[in-house]
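Peer 1: If you read the sequences in order, they're chains F and B.
The opening residue of the first sequence carries number 340 in my numbering; numbering runs sequentially from there.
The opening residue of the second sequence carries number 315 in my numbering; numbering runs sequentially from there.
Below is one structure. I have some questions about it.
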Amino acid sequence: DGGITQSPKYLFRKEGQNVTLSCEQNLNHDAMYWYRQDPGQGLRLIYYSQIVNDFQKGDIAEGYSVSREKKESFPLTVTSAQKNPTAFYLCASSIVGTGDYEQYFGPGTRLTVT
Amino acid sequence: DQQVKQNSPSLSVQEGRISILNCDYTNSMFDYFLWYKKYPAEGPTFLISISSIKDKNEDGRFTVFLNKSAKHLSLHIVPSQPGDSAVYFCAASARGFGNEKLTFGTGTRLTIIP
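Given below as structure tokens:
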């Protein structure tokens, strides 16, 4: 089955700790994205990558870091510098090019920092 | 600055009737629009999209209408079914300008009343 996996589903951390969220896709997509969803808000883009070893900041990149060493994987690290890390994190992927296409989303990881 | 707006946070519709969800945008560079459906604690799933060269796209019970002059799009679901109860997000991108990023609205919670 092709798709996007995110693990774990729920993650709990103490304030001041860095935490890494996993995202893997077997859709052979070039582009991958990280979003954050907060209650009553839409999805906001944190980072995205259109090719291996390259990534760009989204709208709310402060306090986050990413890497893209493999096409299939795009882990997100929430650092202690992120002021409000508790949120629902969504990873997505897509092809890159012309034409009509959509982003496919993983099931999400809910991070709670206390 | 909210470039994609969904002004109705919630909508209730009787089963079998038509559901109409609205979305407005301000960025005239947006040329590709998508609707996603989301259940709680899950990733969004793609429903339907439309490019700016069209004013209507239909897929089964779902139709999206685009009014470029008004910078407005709407999603029609007919007939509405109980399984349609979810949060619906409108998203837009400026694909023709080389921008693959999606900008999301804040969502509309649709409740179908049996």
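From the three backbone atoms N, C-alpha and C, an ideal C-beta is built for every residue, glycine too.
Using a beta-carbon distance below 8 Å, is Tyr387(F) in contact with chain B?
Peer 2: yes
Peer 1: For the stretch 352-368 of chain F, which residues have a CB atom closer than 9 Å to at least one CB atom of chain B, in sequence order?
Peer 2: Here the close residues number zero.
Peer 1: Between Gln389(F) and the rest of its own chain, which residues show a CB-CB distance below 7 Å, the 5 nearest in sequence each way excluded?
Peer 2: Asp369, Ala370, Val435
Peer 1: Roughly how many angstroms lie between the CA atoms of Arg375(F) and Leu415(F), to the nearest whole one?
Peer 2: 11 Å
Peer 1: List, from N- to C-terminal side, the beta strand (DSSP E) runs of 3 residues or more that fit wholly inside the stretch 371-412 of chain B.
Peer 2: 376-381, 386-391, 400-408
Peer 1: Under 8 Å, Cβ to Cβ, is there at least one residue of chain B near Gly397(F)?
Peer 2: yes
Peer 1: If we call anything under 8 Å between Cβ atoms a contact, is Gly419(B) one with Gln320(B)?
Peer 2: yes
Peer 1: Cβ of Tyr403(F) within 8 Å of Cβ of Thr418(F)?
Peer 2: yes
Peer 1: Do three or more CB pairs link the stretch 345-361 of chain F to the stretch 394-406 of chain B at distances below 8 Å?
Peer 2: no
Peer 1: Check the DSSP bridge columns for Phe344(B) and list the partner residues they point to.
Peer 2: Answer is none; Phe344(B) lacks a bridge partner.
Peer 1: May I have the straight-line CA-CA distance separating Gln395(B) from Gly330(B), to the nearest angstrom?
Peer 2: 6 Å
Peer 1: Taking the DSSP output, what are the residues bridged to Tyr372(F)?
Peer 2: Tyr387(F), Ala431(F)
Peer 1: Under 8 Å: do the stretch 345-365 of chain B and the stretch 439-450 of chain F share three or more Cβ pairs, one atom per stretch?
Peer 2: Three or more Cβ pairs closer than 8 Å define a contact, and the stretch 345-365 of chain B meets that threshold against the stretch 439-450 of chain F.
Peer 1: By the 7 Å beta-carbon criterion, what residues does the stretch 403-417 of chain B contribute toward chain F?
Peer 2: Phe403, Glu414, Lys415, Leu416
Peer 1: So that I know if they touch, is there some Cβ in chain B lying closer than 8 Å to that of Arg449(F)?
Peer 2: yes
Peer 1: How is Ser322(B) classed by DSSP in three states: helix, strand or coil?
Peer 2: coil
Peer 1: Determine, using beta carbons only, whether Ser388(B) comes closer than 8 Å to chain F.
Peer 2: no
Peer 1: Return the residue from the list Gly342(F), Ile399(F), Thr448(F) that minimises the CA-CA distance to Gln421(F).
Peer 2: Ile399(F)
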